[in-house]
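**Q**
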Amino acid sequence: MGEEERVVGVHLLGESADKMLQGFAVAVKMGATKRDFDETVAIHPTSSEEIVLMH
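Given below as structure tokens:
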């Protein structure tokens with residue numbers, strides 16, 4: 001994984017977006033990569049699983 005795979009930001013609009021962004025803020029701050037998100041088990045059914053499962 002190169003530097004180009006690092007997630008540098010997340011944008012979300014909608015109901016409860018503020019609650020979903022808290023966890024993603026930590027991941028971005030820690031330098032999470034696309035692969036890190038891909039390897040995360042999504043909680044179903046939730047809106048935030050859409051970000052974890054982005055392809």
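UniProt numbering puts the sequence shown at residues 1 to 55. Just so you know, even glycine gets a beta-carbon here, dropped at the ideal spot from N, CA and C.
1. Am I right that residue 28 and residue 9 are in contact with their C-beta atoms under 8 Å? What's the rounded C-beta distance?
2. With DSSP as the reference, identify every bridge partner of residue 33, one or two as the case may be.
3. By DSSP, does residue 21 sit in helix, in strand, or in coil?
4. Which residues in the same chain as residue 52 place their Cβ atom closer than 6 Å to its Cβ, once the five residues preceding and following it in sequence are excluded?
5. Say yes only if the C-beta of residue 6 is nearer than 8 Å to one or more non-hydrogen atoms of the ligand MG, and no if none qualify.
**A** In terms of the structure at hand:
1. Taking the sequence shown and counting its residues from 1, one reaches residue 28 at position 28. Taking the sequence shown and counting its residues from 1, one reaches residue 9 at position 9. Confirmed, Cβ separation roughly 6 Å.
2. The residue labelled residue 33 in the question sits at position 33 within the sequence shown. Partner(s): 6.
3. The count along the sequence shown starts at 1 and reaches residue 21 at position 21. The answer is helix: DSSP assigns residue 21 an H, G or I state.
4. Within the sequence shown, the letter at position 52 stands for residue 52. So the list reads 37, 40, 42, once near-sequence residues are dropped.
5. Among the components modelled here there is no ligand, and therefore nothing to report on the ligand MG.
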